[in-house]
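Going by full-length UniProt numbering, the residue at position 89 of the sequence shown is 89; the numbering climbs one at a time, nothing skipped. All C-beta atoms, glycine included, are put in the ideal place defined by N, C-alpha and C.
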Amino acid sequence: MKKQDLLKKGTSIALVATIIGSQLLATVPYNVFAAESRVGTQALPTNSANVSTWPELQAALTSVAVTDIYLNADITIGASVSLATSTTKHIHGNGYILNADSKELRLTKAGTSAVMEDVRITNTTAYGLIWGTVADLEVTYKDVDHSGIQMIYLPSGNLIIDGTVTSNTTTQEVFQGKNLTIKDNATAYFNAIAGMTIDFTGALNVGTNATLTTRSKGPVSINGAASTKIVNLGNMDVKSEGQRAILLNTSNGSIYAQKGSSLKAVSASATEEAILAVDGNIYVESGATLEAESNGTKGTINAGGTIKLAQGSNFSLTNFNSAGAALASYPTPVDVILQSSQGISTWNRGTVMNPKPTATYPGMFDAQFTISGYLNSVTQKDLASNNMQFVNSYKTAATGKIVGGSFASDEQDVAKSAVDALFTDSTKTGIKTITDQAAIDAAKDLVNKVSDPTVKADLQKDIDKAQSLLDAKKAATAAEKAKQDAALKAVNELFNSNTPLTDAIKPTTDQAAIDAAKALVNAVTDPTVKAALQKDLNRAQELLDAKNAAAAAAEKAKQDAARKAADELFNNNTP
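Rendered as structure tokens:
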């Protein structure tokens, strides 16, 4: 969400006093600038501070002398502070918690750098804990766990992710700013409960062997403005339960999937794309992998400039909506280049879950064409290919799935389709009612035949997930069966011959026995079985009530007769 008016956020940033230079020195605790040893034997740098309280942390933050700050305890931020010093601040969290408590540390001097390392940050505002709007800010998060409204806001700055960084935000973005870099070998997990995970205006760079995982229930998981770039050399796993997984939403934006990288983009939306680069480009280079899945009426991947799936790349584009195509363009026609050294396979819309493709074009494959439109009315022109069968039969509007590269081998296609067929939908969070052990075993046999180790490992994960879901289903069924059996036994034993058909309860059946059976019936979850048991239980209660009423009436009659006989021994029938 764009921050137009800072004061509207309720942070009252303008009211925060900036404390710098000599104004601070008189308030600095004695040990702030001392080169002490923190926990253990590690020596601190000369320009460092050990802090255990908010006043100590505030003093170190606003000091021009302190560069490295070491937390020795969990600290709650006591007030929002503007940091006007150009001194780089490196906060070493030592695993402690910084509770923002809806306070902020605002960087106000252009070109400032800051590092947050080995710390857990909680309760942040819509700007995050450390943030700023001035130019050329650079903030590094290394081994940070965050939770709050937003992790960070740097509209003119750069955020660098190092080590392992996780963020769970409640109402807004994880990152909102200009540039985001996931360093080589770093791992980032961003989860936005309501907003986007990433909203950037410059570049998103994912380094070699780095992993960026985003999950969003908001409108978009990754959102880029005009002329933004995504450059992926690592692994990106992007999912949106709202609308699009990736949206470059104005013009001239581009996605570059480089050699050795993988990008999986999944959208659960019933209308939108998995990836949309408005008037932009999608490039998947040799050695890169793109897997895109959508459930919408619009094409799975959509661009307005160029879509290039280069020779040597691996790609799988699937639209699970029978009304949606795999490829689309917006707002202008897009030039499509499809290349594969292993051929390609296509599925017609509505058949994408079938094990066998609608058409297979084997061998070295090269095709170029131009498409226009983003619904299943999309048109194509200028189709040229080295495969005449493709030229004569391929229709973009009719195609719901396209695979190439490593995804195009028959063994992979068949195995993937068999695995997909185990689940209710592309999210793979539930298995179909017909999925049994035989179906899983059959899919597993197909997966075992896949030669590509990476593809095989991914499919095996899905097999394991299906097995886990089936095991849980079996366990739940067994538990329910045990509850039903126990309840049935208890209800039957209320009646003569252990059957309600006798319509007579045992002499030993009392209220305690019925109540015990009732508790077991209440534990049954199957509504049909529960209703039948409750009917028999109600009958047992009626019979017991009748028995108790008859016994009470008989006893009263005996008492009345005995009293009458005794009274009649006396004159006037009274003792």
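For a test of the three-state rule: what should DSSP assign to residue i, helix, strand or coil?
i, result
"ALA288", "coil"
"GLY312", "coil"
"PHE190", "strand"
"ASP118", "strand"
"ALA359", "strand"
"GLU138", "strand"
"PHE369", "strand"
"LEU501", "helix"
"SER406", "helix"
"SER377", "coil"
"ASN571", "helix"
"PRO507", "coil"
"ALA79", "coil"
"GLU241", "coil"
"ALA398", "helix"
"GLU272", "coil"
"ASP420", "helix"
"ASN47", "coil"
"ALA415", "helix"
Spatial neighbours of residue i within its chain, please: CB distance less than 7 Å, with the 5 preceding and 5 following residues excluded, ordered by chain position.
i, result
"MET353", "SER417, ASP420 and ALA421"
"LYS465", "LYS428"
"LYS178", "LEU154, PRO155, SER156, GLY157, ASN158, PHE200, THR201 and GLY202"
"LYS183", "ILE160, ILE161, ASP162, GLY207 and ALA210"
"ALA257", "ASN232, LEU263, TYR283, VAL284, GLU285, ALA288 and LEU290"
"ILE463", "VAL419, ILE440, ALA443, LYS444 and VAL447"
Considering only C-alpha positions, which residue in the set the options is nearest to residue i?
i, options, result
"ASN252", "ALA245, ILE337 and LYS229", "LYS229"
"HIS146", "LYS217, LEU98, ALA110 and GLY111", "LEU98"
"GLY260", "ILE246, SER286, VAL165 and ASN191", "SER286"
"GLY180", "THR170, GLN172, THR171 and MET151", "The sequence given here has Leu at residue 180, not Gly. Of the listed residues, the one whose Cα sits closest to LEU180 is MET151."
"residue 577", "ASN232, ALA186, GLY234 and GLY148", "Any question about residue 577 goes unanswered here, given that the chain covers just 1 to 575."
"ASN281", "LEU327, LYS506, SER240 and LEU494", "LEU327"
"ALA546", "ASP510, THR477 and ALA126", "ASP510"
"GLU272", "ILE431, ILE246, SER82 and VAL414", "ILE246"
"LEU537", "LYS103, ALA359 and ALA487", "ALA487"
"ILE69", "GLU542, ALA79 and PRO55", "PRO55"
"ALA265", "THR250, ASN302 and ASP279", "ASN302"
"ALA310", "LEU383, HIS90, VAL278 and GLY343", "GLY343"
Going along the chain, which residues of its own chain have a beta-carbon closer than 6 Å to the beta-carbon of residue i, five neighbours each way excluded?
i, result
"ASP308", "Reading the sequence as shown, one finds Lys at residue 308 and not Asp. Around LYS308: TYR283 and ILE337."
"GLN380", "PHE369, ILE371 and THR396"
"GLN559", "none"
"SER269", "GLN243 and GLY296"
"ASP335", "THR306 and THR370"
"LYS9", "Note that LYS9 scores 36 on pLDDT, short of 50, meaning its location in the model is unreliable; the coordinates nonetheless yield the value given after this. The residues are ALA126."
"ASP136", "ALA110 and GLY111"
So, residue i versus residue j, is the Cβ gap smaller than 8 Å?
i, j, result
"SER345", "ALA408", "yes"
"VAL403", "SER316", "yes"
"GLY405", "SER322", "no"
"SER329", "GLY373", "yes"
"THR318", "THR300", "yes"
"ALA100", "ILE77", "yes"
"VAL165", "ALA188", "yes"
"ASN168", "ASN191", "yes"
"ILE130", "LEU105", "yes"
"LEU71", "VAL119", "yes"
"GLU411", "LYS473", "no"
"THR108", "GLY128", "no"
"GLY350", "GLY400", "yes"
"PRO331", "VAL278", "yes"
"TYR141", "MET116", "yes"
"ALA65", "ASN47", "yes"
Starting from residue i, follow the beta strand (DSSP E) in both directions and report where the run begins and ends.
i, result
"GLN176", "175–182"
"GLU542", "Looking at the DSSP string, GLU542 is not in any beta strand (DSSP E); the run it does join, the alpha helix (DSSP H), is 527–567."
"ASN448", "From DSSP, ASN448 is part of no beta strand (DSSP E) but of the alpha helix (DSSP H) over 437–448."
"GLN339", "334–340"
"LEU71", "68–71"
"ALA60", "Not the beta strand (DSSP E): ALA60 falls in the alpha helix (DSSP H), residues 54–62."
"GLY280", "Here GLY280 belongs to no beta strand (DSSP E), and DSSP marks it neither H nor E."
"THR164", "152–169"
"GLY224", "220–224"
What span of residues does the alpha helix (DSSP H) with residue i cover, start to end?
i, result
"LYS264", "No alpha helix (DSSP H) contains LYS264, which is instead part of the beta strand (DSSP E) from 262–267."
"SER102", "Note, SER102: premise wrong, no alpha helix (DSSP H); not H, not E."
"ASN392", "388–393"
"LEU470", "453–492"
"THR85", "Premise fails: THR85 is in no alpha helix (DSSP H) and is neither H nor E."
"LYS229", "Run containing LYS229: none in the alpha helix (DSSP H); it sits in the beta strand (DSSP E), 229–232."
"ILE514", "511–522"
"ALA323", "No alpha helix (DSSP H) holds ALA323; DSSP gives it neither H nor E."
Under 8 Å, Cβ to Cβ, is there at least one residue of chain C near residue i?
i, result
"SER497", "This model lacks chain C altogether; it includes just one protein chain."
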